[in-house]
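Mapping to full-length UniProt numbering: the sequence shown position 93 is 93, numbers consecutive. Every residue gets a Cβ at the ideal spot worked out from N, C-alpha and C, and that includes glycine.
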Amino acid sequence: MNVSIWDPFREMEALLNTYTMPARRKATAEDNGPLETGDWAPVVDILETDNEFVLKVELPGVEKDDVQVAIDNRILTVKGEKKNDDQDKKVHRTECRYGSFVRHFTLPQDVDVDKVEATCKNGVLSLTLTKIEQAKPKQIEVKVH
1 MNVSIWDPFR EMEALLNTYT MPARRKATAE DNGPLETGDW APVVDILETD NEFVLKVELP
61 GVEKDDVQVA IDNRILTVKG EKKNDDQDKK VHRTECRYGS FVRHFTLPQD VDVDKVEATC
121 KNGVLSLTLT KIEQAKPKQI EVKVH
């Protein structure tokens, strides 16, 4: 006779996952738009100041060498792969996403594509996109003769 410990929350958690996981995946796919591909999509925050845009891409567990950032025709692409190093172990539960990812962002016209910086700290890739200095309106004095 096998004896197992009953977890009253296991059934409720399984039921919730049945309803919430597809909705989360669907919402992510719709939010990302048609330019997204891959096994998963990292979440991104986009912030703006007077001088720059900052994209913060959450990439926990992704190695620096497994991430590529490129700009082509004003499309910023962040792509890479999160590798699963636990494939040789017996897994009881996995909620982490693994595999390839791609995110695309159309850059506004006021971004200087030659002045983009990328840094990674604590699993967050920060992309700083400097804005082009706009010509300030010039006041012209009218002289009376």
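- Of D39, G61, I75, the smallest CA-CA separation from N122 is found for G61.
- A residue is called buried when at least 16 other Cβ atoms come within 10 angstroms of its Cβ; V43 does not meet this threshold and is exposed.
- In the structure shown, K64 falls within a helical segment according to DSSP collapsed to helix, strand and coil.
- Cβ atoms of V57 and L125 come within 8 Å of each other, at about 4 Å.
- Annotation: the continuous beta strand (DSSP E) that includes T106 extends over 99-106.
- Considering only G99, D86, L107, the residue with the shortest C-alpha distance to R74 is L107.
- The C-alpha of Q68 is placed about 6 Å away from the C-alpha of V78.
- Here K82 is buried. Its C-beta has 16 or more other C-beta atoms within 10 Å.
- In the structure shown, A70 adopts extended strand secondary structure according to DSSP, grouped into three states.
- Burial state of A41 is buried, judged by a 10 Å Cβ sphere holding 16 or more other Cβ atoms.
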